[in-house]
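Have a look at the structure below before the remarks.
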Amino acid sequence: MVGRTLADIRDRLSELSVAVGPYRIVSARTGTPPFPVSGMQFPDRETAAEAASVATAYRSALRRYDPRVTVHGLIVCEAPWGTDAVRTGPSSLPEYCHTVAGALFEVLSGRHRSVEQAVIDSYLEAAEETENRERLCLAMLESMATALAEHLDPEVQADTLREAAGQLPRKPSGPEPVRDAVADLEAAGLVDEAAIEPAAAGPGRCARYITLQNYRPSLSDLRCPVLPIAVELLRRTSITPQMAQAERTADGWRLLVSLAGDQPAEGLSVVTTTV
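Heads up, the sequence shown is in full-length UniProt numbering, so the first residue is 1 and it goes up one at a time.
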């Protein structure tokens with residue numbers, strides 16, 4: 001690998017694990033923990049969720065050297081003390097971020113190595129600077145949004161995000177996909193409060209202005225990482241979304257969001273302010 005190595009990723013997994021803990025990472029297909037998390041235990045769901053996305057990145061990188069490495073959808077499970085039973089718990093902000101990150105790592109593997117490596121490098125650098133679990137998980141999404149925006153053209157970004165969304169559980173396609181997508185981001189803790197209003201005119205279909213209060217993914221006052229919004233929309237519809245306008249508010253962002261239809265894809269990972 002160029003940049004950070006597989007050994008660096010293994011070291012990070014070791015830092016996250018504990019000798020005895022209630023959480024494990026298992027394959028959604030087999031129900032058993034695959035390498036490199038076999039035998040590892042974790043103290044809480046947030047730490048285990050971070051480890052799951054790190055392990056996904058590790059296995060994605062490893063497949064470049066050995067194509068026989070199996071693709072596993074990794075999930076976090078809790079095992080009560082003294083039993084082998086597992087149960088899932090409610091989604092948290094770290095778990096949501098790392099679930100999305102894991103799906104993207106699987107898509108990036110082998111096809112967009114420069115993007116994959118940029119994300120791994122950025123995440124490991126952030127892990128050296130802070131131990132705040134929420135800040136680290138947000139850094140993962142922010143680095144993914146930045147890497148996709150810098151390395152892939154809009155159409156390839158659209159294909160990548162659509163495939164990643166397809167690896168996540170499908171969401172019902174209702175009459176208001178934008179409203180439903182934002183509601184799920186609120187439930188996951190990525191935004192405190194959101195207001196949605198119809199746009200008189202805009203590119204594509206179902207144009208909506210959304211105002212996000214305390215939207216936690218952040219790059220700068222001029223650049224908004226909208227990748228989570230795009231992924232949530234693509235979990236509901238195959239029509240590529242478009243986020244062509246962004247305005248910084250006192251406590252968040254105001255975005256113009258639409259379903260692009262036959263319009264060119266735009267603003268899927270990062271949107272720059274228009275004022």
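Even glycine gets a Cβ: it sits at the ideal position worked out from N, Cα and C. All values derive from a computational prediction rather than experimental measurement.
Cutoff 7 Å; reference residue i; Cβ partners in own chain excluding five residues on either side
{"i": "residue 102", "result": "52, 53, 56 and 74"}
{"i": "residue 42", "result": "16, 17, 18, 21, 23, 48 and 51"}
{"i": "residue 130", "result": "136"}
{"i": "residue 95", "result": "45, 46, 49 and 76"}
{"i": "residue 251", "result": "213 and 214"}
{"i": "residue 244", "result": "203, 256, 266 and 267"}
{"i": "residue 114", "result": "151"}
{"i": "residue 37", "result": "13, 25, 51 and 55"}
{"i": "residue 32", "result": "26"}
8 Å contact criterion, which residue i and residue j should meet: CB distance rounded
{"i": "residue 258", "j": "residue 227", "result": "Between residue 227 and residue 258 the Cβ distance is about 17 Å, and since that is not below 8 Å, they are no contact."}
{"i": "residue 188", "j": "residue 93", "result": "6 Å"}
Cβ neighbour criterion (16 or more within 10 Å) applied to residue i
{"i": "residue 197", "result": "exposed"}
{"i": "residue 18", "result": "exposed"}
{"i": "residue 20", "result": "exposed"}
{"i": "residue 235", "result": "buried"}
{"i": "residue 200", "result": "exposed"}
{"i": "residue 9", "result": "buried"}
{"i": "residue 169", "result": "exposed"}
{"i": "residue 217", "result": "buried"}
{"i": "residue 175", "result": "exposed"}
{"i": "residue 205", "result": "exposed"}
{"i": "residue 193", "result": "exposed"}
Neighbourhood of residue i by C-beta distance below 8 Å, restricted to the same chain and skipping five residues each side
{"i": "residue 167", "result": "73, 103, 106 and 107"}
{"i": "residue 221", "result": "248 and 273"}
{"i": "residue 219", "result": "142, 145, 146, 225 and 270"}
{"i": "residue 12", "result": "54, 124 and 127"}
Given residue i as reference, the closest of the options once Cα atoms are compared
{"i": "residue 59", "options": "134, 162, 253 and 120", "result": "120"}
{"i": "residue 28", "options": "76, 128 and 98", "result": "76"}
{"i": "residue 109", "options": "98, 125, 164 and 92", "result": "164"}
{"i": "residue 138", "options": "207, 190, 214 and 213", "result": "190"}
{"i": "residue 134", "options": "184, 209, 161 and 98", "result": "98"}
{"i": "residue 149", "options": "112, 132 and 179", "result": "112"}
Residue i - DSSP class collapsed to helix/strand/coil
{"i": "residue 58", "result": "helix"}
{"i": "residue 223", "result": "strand"}
{"i": "residue 87", "result": "Any reading at residue 87 needs caution, since the residue's pLDDT is 40, under 50, leaving its predicted position unreliable; the model's value is listed next. If DSSP states are grouped into helix, strand and coil, residue 87 belongs with the strands."}
{"i": "residue 211", "result": "strand"}
{"i": "residue 47", "result": "helix"}
{"i": "residue 160", "result": "helix"}
{"i": "residue 165", "result": "helix"}
{"i": "residue 178", "result": "helix"}
{"i": "residue 7", "result": "helix"}
Sequence-distant residues of the same chain with beta carbon closer than 6 Å to residue i, five excluded per side
{"i": "residue 195", "result": "211"}
{"i": "residue 122", "result": "143"}
{"i": "residue 237", "result": "173 and 177"}
{"i": "residue 116", "result": "108"}
Test: residue i CB closer than 8 Å to a CB of chain D
{"i": "residue 160", "result": "Of the protein chains in the structure, only one exists, and it is not chain D."}
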